[in-house]
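Notes follow once the structure below has been shown.
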Amino acid sequence: MTILLAAAIGMLLALGAAFLLDYLDDTLKNPDDIRQALNLSTLGAIVAIEGENPEQKLVAGLQPKSPTAEAYRILRTNIQFSALDNPPRTLMSTSPNPGEGKSTTLANLAVVLAQQGQRVIAVDTDLRRPTMHRFFQVPNNSGLTTALLQQPPSAAGFLQPTRYENLSVLTSGPLPPNPAELIGSERFAALLESLKEAADVVLLDSPPVLAVTDAAILARLVDGVILVIEAGGTRRQLAISAQEALENVGAKILGVALNRLQPR
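In the working numbering, the protein residues as written are 5 to 268.
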């Protein structure tokens with residue numbers, strides 16, 4: 005009887021501790037959490053991708069038949085259906101915090117859009133920690149910042165082809181001392197218009213929303229924003245703050261890409 009009673013008490017304490025930890029954990033873990041906290045739809049749910057180097061995380065190109073690549077194709081389809089009558093020509097990927105997978109999401113989305121036959125240009129507008137050149141294994145000696153120095157601003161000669169048909173990349177180029185001013189300039193807006201003429205879809209990889217003002221500036225210039233949330237890593241209040249920062253500048257948030265879900 006003593007052993008049984010001790011076991012029952014131990015089980016109750018363990019269950020209570022588990023429920024308490026779950027109650028105190030305010031991270032967003034699944035599409036239901038996203039809907040309750042942000043009132044946004046989940047455009048795609050993507051499992052954690054193994055590998056340390058960015059080029060290893062380009063699964064849409066390296067492993068096109070994998071479930072993860074299929075998840076990116078679902079993300080592509082849901083984005084297209086989010087604005088069926090007026091498909092977005094310019095899209096931006098961002099996240100509340102650094103390291104939540106926004107660049108990985110954008111790079112794989114660029115690949116699956118190109119595989120569909122669309123002309124795609126991926127632009128690295130993160131002029132603080134650029135990574136697009138590492139995903140696509142191209143040099144970053146020149147790019148966006150050098151294109152903005154042209155008169156008039158032009159990406160001609162700075163767009164680099166990738167191993168994927170229909171997909172070009174405009175890397176960041178040399179990092180400037182004033183990224184926010186550069187992104188908010190009329191020259192950047194003119195360059196973006198010229199890129200739209202050269203492609204069916206232009207994808208912009210921006211810095212995190214809550215870290216710097218660049219993302220809020222960019223959000224006003226694009227047709228739609230994809231908010232990348234790390235499952236079990238992004239805290240509820242930070243996600244809400246990121247959403248409010250984007251909506252305050254009139255950004256159109258198409259939905260959430262829930263990243264790094266556990267396979268189970």
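Even for Gly, the Cβ is constructed at its ideal location relative to N, Cα and C.
All of these numbers come straight from a predicted model, not from anything done at the bench.
Within the segment 33 to 74, ranges of the alpha helix (DSSP H) (whole runs, at least 4 residues): 35 to 42 and 63 to 66
Distance between beta carbons of Ala255 and Leu171, contact taken as under 8 angstroms: Contact doesn't hold; Cβ gap of about 25 angstroms is too wide.
CB contact check: Asn101 to chain B, cutoff 8 angstroms: Among the chains in the structure shown there is no chain B, since it carries only a single protein chain.
Beta-carbon contacts of Ala41 that lie in its chain and below 7 angstroms, excluding the five residues immediately before and after: Leu32, Arg240, Ala243 and Ile244
Per-residue DSSP class, three states only, for Thr109: helix
Under the three-state DSSP convention, the category Met96 falls into: strand
Local Cβ density within 10 Å of Val232, reported as buried at 16 or more and exposed below that: buried
Rounded separation between Leu214 and Pro100 - CA only: 5 angstroms
Residue of Asp209, Glu54 and Leu258 minimising C-alpha distance to Asn90: Leu258
Assigned secondary structure, Ser245 (DSSP; H/G/I helix, E/B strand, else coil): helix
Simplified DSSP assignment, three categories, for Arg132: coil
Member of Pro68, Pro143, Gly228 and Ala159 whose CA lies at the smallest distance from the CA of Ala194: Ala159
DSSP state of Ala255 mapped onto helix, strand, coil: coil
Pro143 to Thr98 span [Cα, whole Å]: 23 angstroms
Simplified DSSP assignment, three categories, for Thr81: helix
Collapsed DSSP secondary structure at Leu174 in the structure displayed: strand
Spatial neighbours of Glu251 in its chain, beta-carbon cut-off 8 angstroms, leaving aside the 5 residues before and after: Ile257
Where Ala261 falls, given that 16 or more other Cβ within 10 Å makes a residue buried: buried
Residue interval of the beta strand (DSSP E) (run including Glu169): Element bounds for Glu169: n/a, residue is neither H nor E.
Burial state of Ala151, where buried means 16 or more other Cβ atoms lie within 10 Å: buried
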